[in-house]
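Q: After the structure tokens below, expect a handful of questions from me.
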Amino acid sequence: MDIEQQARTSLYQVGSSDQSNPNGSDLVARVKKLLFRQMLVGVNDGRFFLGTFYCIDKQGNIILQDAVEYRSTRRSSPSSMEQRGLGLILIPFSCRTSCHVDCSIEEQLSLLSLEE
Numbered sequence: 383m384d385i386e387q388q389a390r391t392s393l394y395q396v397g398s399s400d401q402s403n404p405n406g407s408d409l410v411a412r413v414k415k416l417l418f419r420q421m422l423v424g425v426n427d428g429r430f431f432l433g434t435f436y437c438i439d440k441q442g443n444i445i446l447q448d449a450v451e452y453r454s455t456r457r458s459s460p461s462s463m464e465q466r467g468l469g470l471i472l473i474p475f476s477c478r479t480s481c482h483v484d485c486s487i488e489e490q491l492s493l494l495s496l497e498e
């Protein structure tokens, strides 16, 4: 399992964990470490959103604060990416294809160490 798949699994498990599960509190603690960090989220239509990670719910939906949308333009121009400011947005779990958090390598490894 690669790092991106582990991140998706971890975010899904946190989104669907319940507090009565002893392992659930560990997952919640991991996500709390990600709060207010820059997060880049890809969605299934090819767009990317860069913003501050604000929260995740039990269904795995993510809310980004001060988000900027990046999308590819199909025109042949020097800058092939368009961007626009959005503010506060919700990204549904069903649309999410990737999640990347801005942190050091050591932090990434500690966040992704899933004990099965």
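For what it's worth, my numbering labels the leading residue of the sequence shown as 383, then goes sequentially. The beta carbon of each residue, even a glycine, is placed where N, CA and C say it ideally should be.
For residue 487, count neighbouring Cβ atoms within 10 angstroms of its own Cβ and tell me buried if that reaches 16, exposed if not.
A: By 1-based counting over the sequence shown, the position of residue 487 is 105. Flag for residue 487 reads exposed.
Q: Determine the closest residue to residue 439 out of 409, 428, 420 and 464, with distance taken between C-alpha atoms.
A: Working through the sequence shown from its first residue, we reach residue 439 at position 57. Checking every option, the nearest Cα to that of residue 439 belongs to 409.
Q: What does the Cβ neighbour count give for residue 421, buried or exposed, with the cut at 16 atoms within 10 Å?
A: Here residue 421 refers to the residue found at position 39 when the sequence shown is read from its first residue. Buried, since its Cβ has 16 or more Cβ neighbours within 10 Å.
Q: According to DSSP, is residue 491 helix, strand or coil?
A: For the purposes of this step, residue 491 is taken as the residue at position 109 of the sequence shown. It is helical.
Q: How is residue 418 classed by DSSP in three states: helix, strand or coil?
A: The count along the sequence shown starts at 1 and reaches residue 418 at position 36. Residue 418: coil per DSSP, three-state reduction.
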